[in-house]
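Mapped onto the numbering used here, the consecutive letters of the sequence shown carry residue numbers 271 to 665. Quick notes on the structure that follows.
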Amino acid sequence: MRYKVHRGSHEIGGNCIELISRGKSLLLDIGTPLSDVNPDISYVHGKYDAVIISHSHADHYGLMNMIDKNIPIYIGELSFQLIEALSYFTNYEIPENKFILFKPWKDFIIEGTNFTIHPFLMDHSSPEAFAFLISDDEEKLFYTGDFRATGAKKIVLENLEKHPPKDVKKLIIEGTNLNRQAGNYITEDDIKLAFQKIFITQTNISFVIGSSQNIDRIICAYKAARDAKKTLVMDFYTYWILNLVSQKSDAIKAVLPDIMVLRKGSISGSQYNKMMMHKEIFDEFARTIFRNNQTLTEEDLINNPAAFVFYGRLTHFSLIKKFQLHDLNLIYSQWNGYLTDRVKKNPYGADEINTLKTQTNFIEIHTSGHAYKDDLQRMEAIFPGAELIRVHTEF
Ligand SMILES: [Zn+2]
Ligand SMILES: [Zn+2]
């Protein structure tokens, strides 16, 4: 088995690695570059037999709509639903390629090739992130995808250590944090406690700005709010994502009834209209929320702000501005590169949140979705003697 890293060896994001065996080729991920360092993406026009996506972060799947429409795309069932959700709520268009959905832990063969895949569910800031053990007739390769061992699924790395795949000749490993020091918070439990400390004494609403797909973080916000006797509120989109993930997790199913959903207003109103354009998908979901009296309006929040925690995104700045700002807790809980100029183009809302920093009680409480040095070394030790191929690194 030969490999070629098309992208991602000296940058974080834009992962794309080609594996070649007996004249057949498989792309591991086809992500959007986060930065401008290397604008050449001509490899997307290459001839490949299939693409396999490790998880639903755009730096791993974002360029899939540029490849030949005849190339099949293998992707996890939930990852596909998460990308599909974007197509309902935003302008994202899913490509016409054939999608072949797989499940965690279930082996499959890439059709027309001799690549066999065993997908390992990993701990990451996406609810379904895979590592792949890939074999052809000759050798085995392990691709970690993005991973860490400090979140809800940390046991996966322990299990890998207990039952290491044997005879792996090549290890493609992410190295986002290889040269970075962890910040004030390491685990998701650290985050939960830090949130809770703030929520307990809040005299106004707290906003947590994070990713709608970072389920570990949403659950932290939920538990912290619950233990501080506050109510967690979110928009339809985030609640829909939680609802999708709950179909694979009883623990998440159990928290759904305790969370409130914002109805009406500029954000939720337009989301509701989008949902009603796909009634066949969202009708029952929407009915359940309303039937269970799980909705609130902006006025409900403004009238009693100290009772609530809102889990939102950068784009929720217009909602934040409707509250008294000086004692509002604005908790930033995702990669701070979006607020600086470390990405090609700051995402929508970043400038406004930067302005709100000085007007509110702004606090950064975040831990990375990626392993730090110790856990990277643990991963390497699982595959002694394997050739080490680093990707998703800054250097
Ligand atoms: Zn990721
Ligand atoms: Zn990534």
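Heads up, the beta-carbon is just placed ideally off N, CA and C, and yes, glycines get one too.
Asked, Found
"In chain order, what residues of the same chain have a beta carbon less than 7 Å from the beta carbon of Ser588, not counting five sequence neighbours either side?", "Ser536"
"Can you confirm whether the region 450-458 touches the region 472-481 when touching is taken to mean that 3 or more C-beta pairs between the two stretches lie within less than 8 Å?", "no"
"Quickly, what does DSSP pair Thr501 with across the bridge? List them, please.", "Phe578"
"If you draw a straight line from the alpha carbon of Glu428 to that of Val661, how long is it in whole angstroms?", "22 Å"
"Are Lys614 and Phe359 closer than 7 Å when you measure CB to CB?", "no"
"Check whether the region 545-556 and the region 601-617 touch, using three or more Cβ-Cβ pairs below 8 Å as the test.", "no"
"On the three-state DSSP scale, how would you describe Arg583?", "coil"
"With a cut-off of 8 Å, do at least 3 Cβ pairs link the region 335-353 to the region 362-370?", "yes"
"May I ask you to verify whether the region 565-585 touches the region 439-447, counting CB pairs closer than 8 Å and requiring at least 3?", "no"
"Asp644 to Lys534, Cα distance in whole Å?", "47 Å"
"Would you say Gly301 and Gly316 are within 7 Å of each other, going by their C-beta atoms?", "no"
"Counting only the same chain and skipping the five closest in sequence on each side, list residues whose C-beta sits under 6 Å from that of Ala328.", "Thr302"
"Report yes if the CB atom of Pro389 is closer than 7 Å to the CB atom of Ile485, and no otherwise.", "no"
"Is Asp505 close to ligand 2? I mean its beta-carbon at under 6 Å from any heavy atom of the ligand.", "no"
"In its own chain, which residues sit with a C-beta less than 6 Å from the C-beta of Phe378, not counting the 5 before and 5 after it?", "Phe372, Ile387"
"Rounded to a whole number of angstroms, what is the C-alpha to C-alpha distance between Met547 and Ser540?", "11 Å"
"Quick check on the DSSP output: the alpha helix (DSSP H) that includes Glu458 runs from which residue to which?", "458-470"
"Any heavy atom of ligand 2 closer than 6 Å to the Cβ of His327?", "yes"
"Below 8 Å on the Cβ atoms is my contact criterion, and I expect Glu634 with Tyr602 to pass it. Report the Cβ-Cβ distance as a whole number of Å.", "5 Å"
"Please classify Val438: does DSSP put it in a helix, a strand, or coil?", "strand"
"Just to confirm, does Asp377 get its C-beta within under 6 Å of one of the non-hydrogen atoms of ligand 2?", "no"
"Roughly how many angstroms separate the alpha carbons of Glu622 and Lys499, rounded to a whole number?", "30 Å"
"Could you name the residues of the same chain whose beta carbon sits closer than 6 Å to that of Val525, not counting the 5 residues immediately before and after it, in chain order?", "Tyr492"
"Can you find a heavy atom of ligand 1 that lies under 6 Å from the Cβ of Asp416?", "yes"
"If you check the beta carbons only, do Arg418 and Gly639 fall under 7 Å apart?", "yes"
"How close, in whole Å, do the beta carbons of Leu502 and Val426 come, if the pair is a contact with beta carbons under 8 Å?", "Rounded, the Cβ-Cβ distance is 27 Å, inconsistent with contact."
"Could you say which of Leu626, Tyr273, Arg277 lies nearest to Glu664 if we only look at CA atoms?", "Arg277"
"Relative to the alpha-carbon of Phe653, which residue among Lys467, Lys591, Lys432, Glu281 has its alpha-carbon at the smallest distance?", "Lys432"
"Got a sec, what are the start and stop residues for the beta strand (DSSP E) Gly283 sits in?", "Element bounds for Gly283: n/a, residue is neither H nor E."
"Considering only residues of the region 530-608, which uninterrupted alpha helix (DSSP H) runs meet the minimum length of 4 residues and lie entirely inside it, listed in chain order?", "535-546, 549-561, 568-573, 587-590"
"When the Cα atoms are used, what is the spatial distance from Gly480 to Lys376?", "31 Å"
"Return the residue from the list Tyr313, Cys286, Asn308, Val307 that minimises the CA-CA distance to His325.", "Cys286"
"Under 8 Å by Cβ, that's how I've got Glu281 and Lys439 pegged, so tell me the actual separation to the nearest angstrom.", "Not confirmed; about 26 Å, so no contact."
"Given a threshold of 16 other Cβ atoms within 10 Å of its Cβ, counted over all protein chains shown, does Asp416 qualify as buried or as exposed?", "buried"
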